[in-house]
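I have placed the structure first, in the form of structure tokens, so that the comments after it can refer back to it.
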Amino acid sequence: MTEPAPNAPSSLQIGDNLSDMHMLMVLGETQSFTQAAQRLGLSKATVSQRITALERAVGIGLVQRSTRSVALTAAGQQLVDDTRGSFAHIEHSLAAVRDLATTPRGLVRLSAPVALGRQHLMPALASFAHQFPEIRIELDLNDRLVNLVQEGFDLAIRHSQAAPDNSVAWPLCSSQSILVASNAYLQQRGMPSCPEDLAQHDCLVYLRGRNHGLSWTLVREQSQQPSEHRHVAIQTAAFKANNSELLREAALAGLGIALLPDFSAQLQAHEPRRLVRVLPQWQSQGFFGNQIFAIRPWAPQVPRAVRCLVNHLQEAFKAGFTPFGNQ
137 MTEPAPNAPS
147 SLQIGDNLSD
157 MHMLMVLGET
167 QSFTQAAQRL
177 GLSKATVSQR
187 ITALERAVGI
197 GLVQRSTRSV
207 ALTAAGQQLV
217 DDTRGSFAHI
227 EHSLAAVRDL
237 ATTPRGLVRL
247 SAPVALGRQH
257 LMPALASFAH
267 QFPEIRIELD
277 LNDRLVNLVQ
287 EGFDLAIRHS
297 QAAPDNSVAW
307 PLCSSQSILV
317 ASNAYLQQRG
327 MPSCPEDLAQ
337 HDCLVYLRGR
347 NHGLSWTLVR
357 EQSQQPSEHR
367 HVAIQTAAFK
377 ANNSELLREA
387 ALAGLGIALL
397 PDFSAQLQAH
407 EPRRLVRVLP
417 QWQSQGFFGN
427 QIFAIRPWAP
437 QVPRAVRCLV
447 NHLQEAFKAG
457 FTPFGNQ
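Going by the numbering used here, the sequence shown wraps up at 463, each residue one higher than the last.
Right, here's the structure in full:
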């Protein structure tokens, strides 16, 4: 049933309602007045008032409001679908004109995993800020997979096996997962000689869900033969955490053997503590990703500020990560 407009329709002034229709599109993407207001740089009350004014202008309800959620009505969805292409064309035209400026400028909202962001992304962003002082970066470090469209991000750094569908993706570097432990732990418990030996060791597990992570698949390097695959069941994890930096610290503290992405296992040059690679001839398969990507929602044109940042990150990450050299 179509929701009635809040009040009788007023005269429709196209110019006055363009910004309101854009607000409706953003509201449809975020499904939240609060998130829409944050993306638009307005107060929640202003967005609500402008949507109500738009409903009054067209004479029909465009939004279904409740205490817990916001959703577009059929009429609201039709209006958004019919105008989305026009707004995209306007945005792309404005971006093209901005690109004519001699100095790249603008805001880039960036999402990245916590450990990768703290250890490797931040140094690259610092040098980028010096090179492009007119480009502002808003960085969100979070290990969850953010919704780039709903949450208004321009770019995300992802550690995965493949780039997601319906996105523009730039490969930054490859990555591998490695087993590590402290010297003190290995001196006490011994160095495993094969994957099956891990069943007798304390294992430190990355926590993604209640049971996820309780088995590791290890593959002998440079081998694709099924006989070279080992599935290691972890009966009881000595320590679990949903952050690879915490697992690295647990390994450094001698709590056990951790499976880490290479960028987390890499310590700073001045760091006096050291980790030892365990079973270096074996690699983990399928637990962490093997590629680092920069991704953004698909669009026919990429803003110049985003292109500058991607180019800078590709240069900064091209060497990859070598926490143990060629070991």
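All C-beta atoms, glycine included, are put in the ideal place defined by N, C-alpha and C. Note that the coordinates shown come from a computational prediction; the quantities given were computed from them, not determined experimentally.
Notebook entry, point to check: When we look at the beta-carbon of GLU451 and count the other beta-carbons within 10 Å, is it buried (16 or more) or exposed?
Noted result: exposed
Notebook entry, point to check: Quick one: Cα of VAL250 to Cα of GLU274, how far?
Noted result: 14 Å
Next item on the list: Using the DSSP secondary-structure output, state which residues sit across from PRO467 in a beta bridge.
Entry: One cannot answer for residue 467 here, as it falls past the ends of the chain, which runs 137 to 463.
Next item on the list: Inspect the beta-carbon positions of LEU160 and ILE187 and report whether they are closer than 8 Å.
Entry: yes
Margin query: Residues in the same chain with beta-carbon distance under 6 Å from LEU257, minus the five sequence neighbours each way, listed in chain order, please.
Written below: ALA248
Next item on the list: Apply the 10 Å Cβ neighbour rule to TRP418 and answer buried if 16 or more other Cβ atoms are within range, or exposed otherwise.
Entry: buried
Next item on the list: Give the C-beta separation of LEU449 and VAL244 to the nearest angstrom, bearing in mind that I take them to be a contact with Cβ-Cβ under 8 Å.
Entry: Not quite, the Cβ-Cβ distance comes to about 11 Å (not below 8 Å), so this is no contact.
Notebook entry, point to check: Among VAL216, LEU246, ALA211, ASN278, which one has its Cα closest to the Cα of LEU163?
Noted result: Cα-wise, what sits closest to LEU163 is VAL216.
Margin query: Please tell me whether GLY422 and THR353 are closer than 8 Å, where the distance is taken between their beta carbons.
Written below: yes
Next item on the list: Run the CB neighbour count on SER155, radius 10 Å, all protein chains shown included, and call it buried at 16 or more, exposed below.
Entry: Taking all protein chains shown into account, SER155 has fewer than 16 neighbouring C-beta atoms within 10 Å of its C-beta and is therefore exposed.
Next item on the list: Determine, using beta-carbon pairs with one atom in the region 388 to 404 and one in the region 318 to 334, whether at least three such pairs fall under 8 Å.
Entry: yes
Checklist line | Spatial distance of PRO307 from ALA189 (CA atoms) | finding: 45 Å
Note to self: Let me make sure I understand the geometry here. Which of THR372, GLN371, LEU396, ARG366 has the alpha-carbon closest to that of ASN379?
What the structure shows: LEU396
Next item on the list: Check whether the Cβ atoms of THR239 and MET157 lie closer than 8 Å to each other.
Entry: no
Note to self: With distance defined between alpha-carbon atoms, name the residue in CYS330, ARG384, LEU176, PRO433 nearest to ARG366.
What the structure shows: CYS330
Notebook entry, point to check: Going by C-alpha distance, which of ARG443, GLN297, PRO416 is nearest PHE268?
Noted result: ARG443
Margin query: Buried or exposed for PRO436, going by 16 or more other Cβ atoms inside 10 Å?
Written below: exposed
Notebook entry, point to check: Should LEU236 go down as buried or exposed, given a rule of 16 or more other Cβ atoms within 10 Å for buried?
Noted result: exposed
Check: Which whole runs of the alpha helix (DSSP H) in the region 290 to 341 are 4 residues long or more, in chain order?
Finding: 319 to 325
Next item on the list: Excluding the 5 residues preceding and the 5 following ASN153 in the sequence, name in chain order all residues of the same chain whose CB lies nearer than 7 Å to its CB.
Entry: LEU190, ALA193
Item checked: Same chain, Cβ closer than 8 Å to PRO297, five either side skipped, listed in chain order -> The sequence shown places Gln at residue 297, not Pro. Counting only Cβ-Cβ distances below 8 Å, and skipping sequence neighbours, we find GLY422, GLY425, ASN426, GLN427.
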